[in-house]
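Contents: one structure, followed by commentary.
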Amino acid sequence: MSLQAQAFAFLFPGSAMVNSLLATAYISIFPNLLLYFVPPDINTASLNTLVSFAVGGLLGDVFLHLLPHAFLGEHDPSQGTPVVEVDNKQNVLIGLGIFGGFFFFFIMDKLMRVLNGGKGGHSHDHHHHDHKESVGASSSTATTQTPEGLRQRNSSSKEDTTVAATEKSDTNNIKLSAYLNLLADFTHNMTDGLAMAASFYASPAVGATTAVAVFFHEIPHEVGDYAILIQSGFSKQRAMMAQFTTAVGAFLGTLIGIFIEEASSSGVDEKHSVVGLLGTSLQWGDLVIPFTAGGFLYIATVGVIPELLQVTGNIKKDKTQALKEFAAMMVGLGLMVTIAWNEV
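For the sequence shown, position 323 matches number 378 in our numbering, and the numbering has no gaps at all.
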């Protein structure tokens, strides 16, 4: 048994149900614990390098594990050369499942942007919010008691009131953005939980690989969300607790995935002659992995990569950062290739 197989057997020693819950605990607890050691003002370039590594791993999982399994299933080498029966209708349903996951995240992202007044939806990036400040306005007084001077003092008072109202509105918008980001994070974590359940019910190898990809994706993801909360006025402790709270979504998604998989397998066991979806052999549980793959595709390509495409305008600095991001993405992909190549 290879070292990789031994490590996966140690981390995931139980049934598909137990392993999916264990994987959810790993991807939810450890990345959040790392937040204790992360400075709230982490450098954006460093975060983008981490995000690039995570994108490579996430897309590697989609193209090397989830999609091949969705269309071809798993093959046991001890059973000789596999024979794959091509069912066009089944492939159409799988394709619709992939689009369903992609479209679900598009809807969620669009709604978050609408509710947030046109600002970005769920994002790994973090930005410093600028507040308007009044310099010397409140200390401005008239030097004479003339009507003109009284009018001048009244104008200054109105400016103070306007600036104060603007600052209050900006603060409220920032807090709303933080809470909407937490809601998006909760939904995102539900998809991660679904992925854990679907992958381990597919096979231990697919489950372990998906767990690794999601784990490395969650680290920069949680760091980015943590920075957003800190900059929105959350204390360090409160921000960490909020991040742990959103982890409930991952366990909820895992339980939903387990229920779907158990219900599907139980129906097949009881009635072997039962016809699947629209006359194909597919059950509802078979669409969870395609749905997850579509969601991961949206997260990586639409949710994250546009942020990595942004530049500062400093050519020398941007070149160095681009090379770091390219290398990090290749390392993330290489990790998934290594795991896939050595699967047993």
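Ideal placement from N, C-alpha and C gives every residue a C-beta, glycine not left out.
None of these values were measured; they are calculated from a predicted model.
Inset, instruction - Can you give me the start and stop residues for the alpha helix (DSSP H) that Ile354 sits inside? - result: Taken as a continuous stretch (DSSP letters only), Ile354 belongs to no alpha helix (DSSP H), as it is neither H nor E.
Inset, instruction - Inspect the beta-carbon positions of Ile344 and Ala253 and report whether they are closer than 8 Å. - result: In contact: Ile344 and Ala253 (Cβ atoms closer than 8 Å).
Inset, instruction - Pull up the distance between the alpha-carbon of Gly334 and that of Phe154, whole angstroms please. - result: Each residue's Cα considered, the two are about 20 Å apart.
Legend entry - Three-state secondary structure (DSSP) of Asp185: Model confidence at Asp185 stands at a pLDDT of 42, short of 50, so the residue's coordinates are unreliable and nothing is read from them.
Legend entry - Whole-angstrom C-beta distance between Ala383 and Ser101, which should lie under 8 Å: With a Cβ gap of about 11 Å, Ser101 and Ala383 do not count as contacting.
Legend entry - Rounded separation between Tyr353 and Gly128 - CA only: For Tyr353 and Gly128, the distance between alpha carbons rounds to 23 Å.
Legend entry - Length of the line joining the Cα atoms of Trp396 and Phe270: Approximately 20 Å, taken between the alpha carbons.
Legend entry - C-alpha gap between Gln376 and Leu284, whole angstroms: Distance between the alpha carbons of Gln376 and Leu284 is about 26 Å.
Legend entry - Thr347, buried or exposed, once every other Cβ within 10 Å from all chains shown has been counted against 16: By the Cβ neighbour-count rule, Thr347 is buried, with 16 or more other Cβ atoms within 10 Å of its own.
Legend entry - For Val93, the three-state DSSP class (helix, strand or coil): In this structure, Val93 counts as coil in the three-state DSSP scheme.
Inset, instruction - Going by CA-CA distance only, name the one from Val359, Asn103, Phe85, Thr242 that's closest to Thr54. - result: Residue 54 is absent from the model: the chain starts at 56 and stops at 399.
Inset, instruction - Would you kindly check if the distance between the Cβ of Met245 and the Cβ of Ala302 is under 8 Å? - result: The criterion of a C-beta distance shorter than 8 Å is not satisfied by Ala302 and Met245.
Legend entry - Residue range of the unbroken alpha helix (DSSP H) whose run includes Leu121: Annotation for Leu121: no alpha helix (DSSP H) segment contains it, and DSSP assigns it neither H nor E.
Legend entry - Leu77 to Leu122 span [Cα, whole Å]: Leu77 and Leu122: Cα-Cα distance of roughly 23 Å.
Legend entry - Close-in-space but distant-in-sequence residues of the same chain around Gly152 (CB under 6 Å, 5 per side omitted): Only Leu342, Pro345, Phe346 meet the Cβ criterion.
Legend entry - Unbroken alpha helix (DSSP H) run spanning Asp142, endpoints: Going by DSSP, Asp142 is part of no alpha helix (DSSP H) at all; its letter is neither H nor E.
Inset, instruction - Taking 8 Å as the cut-off, decide whether the C-beta atoms of Ala268 and Gly115 are in contact. - result: In this structure, Gly115 lies closer than 8 Å to Ala268 by Cβ.
Inset, instruction - Count the other CB atoms, across all protein chains shown, that sit within 10 Å of the CB of Met391; report buried if there are 16 or more and exposed otherwise. - result: Met391 is classed as buried because its beta carbon has at least 16 other beta carbons within 10 Å across all chains shown.
Inset, instruction - Answer yes or no: do Ala355 and Leu66 have a C-beta to C-beta separation smaller than 8 Å? - result: When the beta-carbon positions are compared, Ala355 and Leu66 stay at least 8 Å from each other.
Inset, instruction - Can you give me the start and stop residues for the alpha helix (DSSP H) that Val386 sits inside? - result: Judged by DSSP secondary structure, Val386 falls within the alpha helix (DSSP H) whose first and last residues are 370 to 396.
Inset, instruction - Measure the Cβ-Cβ separation of Val110 and Gly387 and say whether it is below 8 Å. - result: Gly387 is positioned such that its CB atom lies closer than 8 Å to that of Val110.
Inset, instruction - Would you mind sorting Met163 into buried or exposed? The rule is 16 or more other CB atoms within 10 Å of its CB. - result: With 16 or more other Cβ atoms within 10 Å, it is buried.
Inset, instruction - Output the distance between the C-alpha atoms of Lys326 and Ser258, rounded to the nearest integer angstrom. - result: Here Lys326 scores only 47 on pLDDT, less than 50, and its place in the model is too uncertain to base an answer on.
Inset, instruction - Compare the C-alpha of Ala239 against each of Leu170, Met295, Met251 and name the closest. - result: Answer by Cα proximity: Leu170.
Legend entry - Thr335 - DSSP class collapsed to helix/strand/coil: Annotated three-state conformation of Thr335 is coil, per DSSP.
Legend entry - Pairwise C-alpha distance: Leu90 and Arg293: One alpha carbon belongs to Arg293, the other to Leu90, and they sit about 12 Å apart.
Legend entry - Local Cβ density within 10 Å of Ala233, reported as buried at 16 or more and exposed below that: Buried, by the Cβ-count rule.
Legend entry - For Gln61, the nearest candidate out of Ala260, Ile370, Trp339 (CA to CA): Nearest C-alpha to Gln61: Ala260.
Inset, instruction - Leaving aside the five residues before and after Met315 along the sequence, list all residues of the same chain whose C-beta is less than 7 Å from its C-beta, in chain order. - result: Going by the sequence as given, residue 315 is Ile instead of Met. When the five nearest sequence neighbours on each side are left out, the beta carbons in the same chain lying within less than 7 Å of the beta carbon of Ile315 are those of Trp339, Gly340, Val343, in order along the chain.
Legend entry - Span separating the alpha-carbon of Lys372 from that of Ala282: Within the model, the alpha-carbon separation for Lys372 versus Ala282 is close to 23 Å.
Inset, instruction - Assign Thr300 to one of two classes, buried (16 or more other C-beta atoms within 10 Å of its C-beta) or exposed (fewer than that). - result: Exposed is the call here.
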